[in-house]
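Novice: One structure follows; several queries about it will come next.
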Amino acid sequence: MSPKPIIAILLVVLFVSSVLPAAAQEQEFEWNRQIPFIGAQPTLVLLVQFSDVKLSISRTQAEQIVKIVDNFVRDASYGRTWLEYTIHPKVITLPKPMSYYGGPSSGAQRGDDNQRILEFHLTTIQLAKKDGVDISQYKHVITIHAGKDEAAGGSANDIWSHCNCVVPKILYFLIEQYGFDAVESDLKKQGYDWVVELFMHRTRSGEGRLLSGIETVAEYDIPSTMAHEFTHSMWIPDHYVYAKDGYSAGSEVSVWTNMDSGSFMDPPVDIDGWSKYLLGWIEAVTVERDGEYTIHTLDKPDEPHALIIPINEKEYYFIHARRPVKNDAALPGPGVLVMRVNKFKNKNVEGEPFMVQLFDANPDTPRECEQYASGFRDPRSFMTLCVKFDAPFYSADGYSGTWVSKFAGGRTFGTYQIDLGNSEYVTEEGFRISVLSFDERTGVARIRVSLGGQPREEGGETTVVTVTRTVTGTATETLYTTTTIVGTETRTVVVTVTTTQLPRSTGEEYISIAIILAALLFTTAIIAVGRRRPRTAPPPPPPAW
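Residue numbers (the numbering used here): 615 to 1159.
The structure is reproduced here in structure tokens:
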């Protein structure tokens, strides 16, 4: 059978929109199945500038950033995967200004014009080939361009950092079914030569090679942006929520993965357990009967790392454990995360069934602030923290953890004390997931899973919750209180937040400084008088005077 009908449906605007027809998305592809990325990842790094914006960083500086990403991948994969990178020695200069490639479409206020960003990639690859680069020798391409990243606060004429990785994943599925030659031939017949030129390359001996992705970042991007986009190049999707217009509509997995807001933490948070499972980096035990299971936190190589509880042919629960050490040092605290996964969705879209959903251990506490707009603001950096404080499940005894988050310039955002006591979750199917124990020192969690029982009733699981905030120099303030009950048991969960803020200026500090200076001058004068020696004639001045 020819792949032509499938290609005709899926590749018309897929490159620029990354949005599939819902029917094709669910019928044709199991997006979220294991596709291992193991061993060396041959990676080409291209430095690109424009006719009006020249590259500021050197090749050495670019390599330092790539090395950081390489180390991140090595650590996240337990040494199973790494970047085998080559930085092209020549800077590629595109013939047009940056605003031509990065400007929004007519009538749009942000984002990149679809056709012109496609021209950006095609021209870059063509010029690299003209310089003698053999693209077929690489699995990934990282483009570091001059200027800023629109997504990181740049102007509308800057290029939005991204990875062109969805089309290669579709091509992988098609090649798997029909073969490289057939897919390449039909693409060319239907006028999709640009797909072949970007992603399908042949070695000198004629062997077909598929590029996994073309990652684009700005020279001023932080390394975690490159790490996030490279994770896309290994076909891991974003975990945040997309609005209908294709832009972010908020967080879903929050700081618990580098594929959501965890990439903005310092240090950037590790790749989540579900993504590592898809990459072939960790093992998961499929729960088929009631029992007690032991899993290990992601920060160490011991197996198994996760549990999978099948729901139906399309969905399952994924359970893994975390603690704030190593790559996860910036996490709010330790605990067991419960996620619900749909294998046939390739993203979370607002108003539709999600691809991945993170369950909140304490739903009665404030779940999520608006995007970077909670009540805890650092007046020095003008940033606010957006986080699910209580996402992890823990043992019934609860825990206390400290979180120090540092943003640009090394500024400390705040220290957060978290004390949670919710240890059990009952799913809507009636599965009961209980955390029997969590040893933060050894990183071992014991979990009991019961597949029988009654489904969870809406509003049936409730908690007594007190959330307090302590601002340095002021009294503790209660921000949120609710009283609820679980059966006959009353549970108490306390979240205490301590932030270090600059005091407001009242002018009193200047009066204090003046008094101190006057006192110092007066003391110095008294000492000088007390130590005064008999007067002698001063020496004659030098001739130059």
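Glycine included, each C-beta is placed from N, C-alpha and C at the ideal position.
Being a predicted model, the structure only gives us computed values, none of them experimental.
Helix, strand or coil: how does DSSP classify S875 here?
Specialist: Within the sequence shown, residue 875 is the residue found at index 261, counting from 1. Correct three-state label for S875: helix.
Novice: Taking D874 and Y854 to be in contact with their CB atoms under 8 angstroms, please state how far apart those CB atoms are, rounded to whole angstroms.
Specialist: Taking the sequence shown and counting its residues from 1, one reaches residue 874 at position 260. Taking the sequence shown and counting its residues from 1, one reaches residue 854 at position 240. Rounded, the Cβ-Cβ distance is 5 angstroms, consistent with contact.
Novice: What would DSSP say about F651, mapped onto helix, strand or coil?
Specialist: Working through the sequence shown from its first residue, we reach residue 651 at position 37. Looking at F651 - three-state DSSP - the assignment turns out to be coil, as it is neither helix nor strand.
Novice: When you compare only the Cα positions, how much space is there between N771 and C779?
Specialist: On the sequence shown, position 157 is the one that residue 771 refers to. On the sequence shown, position 165 is the one that residue 779 refers to. Each residue's Cα considered, the two are about 23 angstroms apart.
Novice: Please classify A742 as buried or exposed, where buried requires at least 16 neighbouring CB atoms within 10 angstroms.
Specialist: Position 128 of the sequence shown, counted from the first residue, corresponds to residue 742. By the 10 Å Cβ count, A742 comes out buried.
Novice: Taking three-plus beta-carbon pairs below 8 angstroms as touching, is the stretch 648-667 in contact with the stretch 710-728?
Specialist: Yes: the two stretches touch, three or more of their Cβ pairs being nearer than 8 angstroms.
Novice: Any contact between the stretch 786-799 and the stretch 809-824? By contact I mean 3 or more CB pairs, one from each, below 8 angstroms.
Specialist: The answer is yes - the stretch 809-824 touches the stretch 786-799, with three or more Cβ pairs under 8 angstroms.
Novice: Shortest alpha-carbon distance to L945 belongs to which of V970, P881, P711 and W888?
Specialist: Residue mapping note: residue 945 aligns to position 331 of the sequence shown, counting from 1. Out of V970, P881, P711 and W888, P881 has the C-alpha closest to the C-alpha of L945.
Novice: I'd like the list of long-range same chain contacts for V867, defined as Cβ closer than 6 angstroms, with 5 residues on each side in sequence excluded.
Specialist: For the purposes of this step, residue 867 is taken as the residue at position 253 of the sequence shown. Answer for V867: H853, D874 and L972, listed in chain order.
Novice: Nearest to Y834 by CA position, among K959, I773 and K961, is which residue?
Specialist: Locating residue 834 in the sequence shown gives position 220, counting from the first residue. Answer by Cα proximity: I773.
Novice: Could you tell me which residues DSSP puts in a beta bridge with T695?
Specialist: In the sequence shown, the residue the question calls residue 695 occupies position 81. Beta-bridge pairing links T695 to G653.
Novice: Under a Cβ-count criterion, where at least 16 other Cβ atoms within 10 Å of its own Cβ denotes burial, should S672 be classed as buried or exposed?
Specialist: Here residue 672 corresponds to residue number 58 of the sequence shown, with the count starting at 1. S672 is exposed by the Cβ-count criterion.
Novice: Among the candidates R903, G965 and R724, whose CA atom is the shortest distance from the CA of G864?
Specialist: Taking the sequence shown and counting its residues from 1, one reaches residue 864 at position 250. Here the closest residue by C-alpha is G965.
Novice: Would the beta-carbon of V1058 fall within 9 angstroms of that of H919?
Specialist: Here residue 1058 refers to the residue found at position 444 of the sequence shown. Here residue 919 refers to the residue found at position 305 of the sequence shown. Contact: no.
Novice: For M814, write down the residues that DSSP places opposite it in a beta bridge.
Specialist: On the sequence shown, position 200 is the one that residue 814 refers to. Paired residue(s): L824.
Novice: In chain order, what residues of the same chain have a beta carbon less than 6 angstroms from the beta carbon of L790, not counting five sequence neighbours either side?
Specialist: The residue labelled residue 790 in the question sits at position 176 within the sequence shown. Residue identity differs from the one stated: residue 790 is Glu in this sequence, not Leu. So no residue of the chain qualifies.
Novice: How close, in whole Å, do the beta carbons of Y856 and N960 come, if the pair is a contact with beta carbons under 8 angstroms?
Specialist: Stepping through the sequence shown from its first residue, residue 856 is reached at position 242. Stepping through the sequence shown from its first residue, residue 960 is reached at position 346. Incorrect: roughly 10 angstroms between the Cβ atoms, too far for contact.
Novice: Have a look at I925 and D689 and give me their C-alpha separation to the nearest angstrom.
Specialist: Here residue 925 refers to the residue found at position 311 of the sequence shown. Here residue 689 refers to the residue found at position 75 of the sequence shown. Approximately 32 angstroms, taken between the alpha carbons.
Novice: Between the Cα of F693 and the Cα atoms of P915, I933 and S847, which residue gives the shortest distance?
Specialist: If you number the sequence shown from 1, residue 693 lands on position 79. Reading the sequence as shown, one finds Gly at residue 693 and not Phe. For the residues P915, I933 and S847, the minimum Cα distance to G693 belongs to P915.
Novice: Using only CA atoms, which one of G876, S1051, V781 and G761 lies nearest to L824?
Specialist: Stepping through the sequence shown from its first residue, residue 824 is reached at position 210. It is V781 whose Cα lies nearest to the Cα of L824.
Novice: Please report the straight-line C-alpha distance between S670 and P650, rounded to a whole angstrom.
Specialist: The residue given as residue 670 occupies position 56 in the sequence shown. The residue given as residue 650 occupies position 36 in the sequence shown. Those two C-alpha atoms are separated by around 36 angstroms.
Novice: Among I923, C777 and V1063, which one has its Cα closest to the Cα of V755?
Specialist: Position 141 of the sequence shown, counting from 1, holds the residue named residue 755. Minimum Cα distance to V755 is reached at C777.
Novice: Locate the beta strand (DSSP E) running through A742, then write down its first and last residues.
Specialist: Locating residue 742 in the sequence shown gives position 128, counting from the first residue. Unbroken run through A742 is the alpha helix (DSSP H), N728 to K744; no beta strand (DSSP E).
Novice: Within 10 angstroms of its Cβ, does A832 collect 16 or more other Cβ (buried), or is it exposed?
Specialist: As a position in the sequence shown, residue 832 is number 218, starting the count at 1. The residue is buried, with at least 16 neighbouring Cβ atoms inside 10 Å.
Novice: Report back the beta-carbon spacing between E927 and V955 to the nearest angstrom; my notes put them in contact at under 8 angstroms.
Specialist: Along the sequence shown, one-based indexing puts residue 927 at 313. Along the sequence shown, one-based indexing puts residue 955 at 341. That pair is no contact at about 13 angstroms.
Novice: Go to R673, then tell me how far its alpha helix (DSSP H) extends in each direction, as first and last residue.
Specialist: Position 59 of the sequence shown, counted from the start, is the residue given in the question as residue 673. Element bounds for R673: R673 to A690.
Novice: Measuring only the C-alpha atoms, how far is A760 from G721?
Specialist: Stepping through the sequence shown from its first residue, residue 760 is reached at position 146. Stepping through the sequence shown from its first residue, residue 721 is reached at position 107. Rounded to the nearest angstrom, the two C-alpha atoms are 26 angstroms apart.
Novice: Do you know how far the Cα of F932 is from the Cα of P967?
Specialist: Taking the sequence shown and counting its residues from 1, the one referred to as residue 967 is at position 353. Taking the sequence shown and counting its residues from 1, the one referred to as residue 932 is at position 318. Taking the straight line joining both Cα atoms gives about 17 angstroms.
Novice: Going by DSSP, name the residue or residues bridged to I773.
Specialist: Within the sequence shown, the letter at position 159 stands for residue 773. For I773, which the question treats as bridged, DSSP gives the partners D763.
Novice: Hey, E798 and G822: beta-carbon distance below 9 angstroms or not?
Specialist: In the sequence shown, counting from the first residue as 1, residue 798 sits at position 184. In the sequence shown, counting from the first residue as 1, residue 822 sits at position 208. In contact: E798 and G822 (Cβ atoms closer than 9 angstroms).
Novice: Note down, in chain order, each residue of its chain lying with its Cβ closer than 6 angstroms to the Cβ of S838, except the 5 sequence neighbours on either side.
Specialist: Start at 1 with the first residue of the sequence shown, and residue 838 comes out as number 224. Only S877 and P882 meet the Cβ criterion.
Novice: Is the beta carbon of S655 less than 9 angstroms from the beta carbon of T700?
Specialist: Start at 1 with the first residue of the sequence shown, and residue 655 comes out as number 41. Start at 1 with the first residue of the sequence shown, and residue 700 comes out as number 86. What sits at residue 655 in the sequence shown is Gln, not Ser. Contact flag unset, no.
Novice: Could you tell me which residues DSSP puts in a beta bridge with S862?
Specialist: Counted from its first residue, the sequence shown places residue 862 at position 248. Partner(s): Y856.
Novice: Which word fits G1066, buried or exposed, when buried means at least 16 other C-beta atoms lie within 10 angstroms of its C-beta?
Specialist: Residue mapping note: residue 1066 aligns to position 452 of the sequence shown, counting from 1. So G1066 ends up on the exposed side.
Novice: Rounded to the nearest angstrom, what separates K940 and G820 at their Cα positions?
Specialist: For the purposes of this step, residue 940 is taken as the residue at position 326 of the sequence shown. For the purposes of this step, residue 820 is taken as the residue at position 206 of the sequence shown. Their backbone Cα atoms lie some 44 angstroms apart in a straight line.
Novice: How is I925 classed by DSSP in three states: helix, strand or coil?
Specialist: Within the sequence shown, numbered from 1, the residue matching residue 925 stands at position 311. In this structure, I925 counts as coil in the three-state DSSP scheme.
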